[in-house]
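Peer 1: Residue numbers (the working numbering): 129 to 238.
Virtual Cβ for every residue (Gly too), placed ideally from N, Cα, C.
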DNA sequence: TGGGTGACCATAG
DNA sequence: ACTATGGCCACCC
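1) Could you tell me the alpha carbon to alpha carbon distance between residue 186 and residue 143, rounded to whole angstroms?
2) Taking residue 171 as part of the alpha helix (DSSP H), name the residues at either end of that continuous run.
3) Residue 199 bridges to which residues according to DSSP?
4) For residue 179, which of 201, 188, 189 has the nearest alpha-carbon?
5) If you count every other CB in all the chains shown that lies within 10 Å of the CB of residue 206, and 16 or more means buried, which is it?
6) Start and end of the alpha helix (DSSP H) containing residue 155?
7) Report the partner residues of residue 223 according to the DSSP bridge assignment.
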């Protein structure tokens, strides 16, 4: 259908807007798209993001607690953490330090 | 038609 | 910090 494809593309568009060194959550993205679809669908979209033509920085999307819950879906279980640390983000025990400071809210940027 | 499974979220105990 | 619900909705049997 058209609507769900649009939803996916909108998700990818927002993820591409996340600045380096900043992160956001699945729920925040879902809410910025009108809270129509649930945050589970954002996670599903990330699951398919690897096959997108244009690069999608999926490592900048974590859950509401700043935990790297999606790391197992990357090429290696370490890749997500490595990419974030390369952008200056400190991670302790699968959790982002000072998550509230690094958080990027799609609502405020649109 | 229906049950199980998620890269989720909120609330409660 | 942990489990347990209930809601969410696409996907795959």
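Peer 2: In this structure, then:
1) Approximately 7 angstroms between the Cα atoms of the pair.
2) Looking at the DSSP string, the run of the alpha helix (DSSP H) that includes residue 171 is 167-175.
3) Its beta-bridge partners do not exist; DSSP assigns none.
4) Nearest Cα to residue 179 within the set 201, 188, 189: 201.
5) So residue 206 counts as exposed.
6) Segment 154-160, the alpha helix (DSSP H) holding residue 155.
7) Beta-bridge partners of residue 223 (DSSP): 195, 220.
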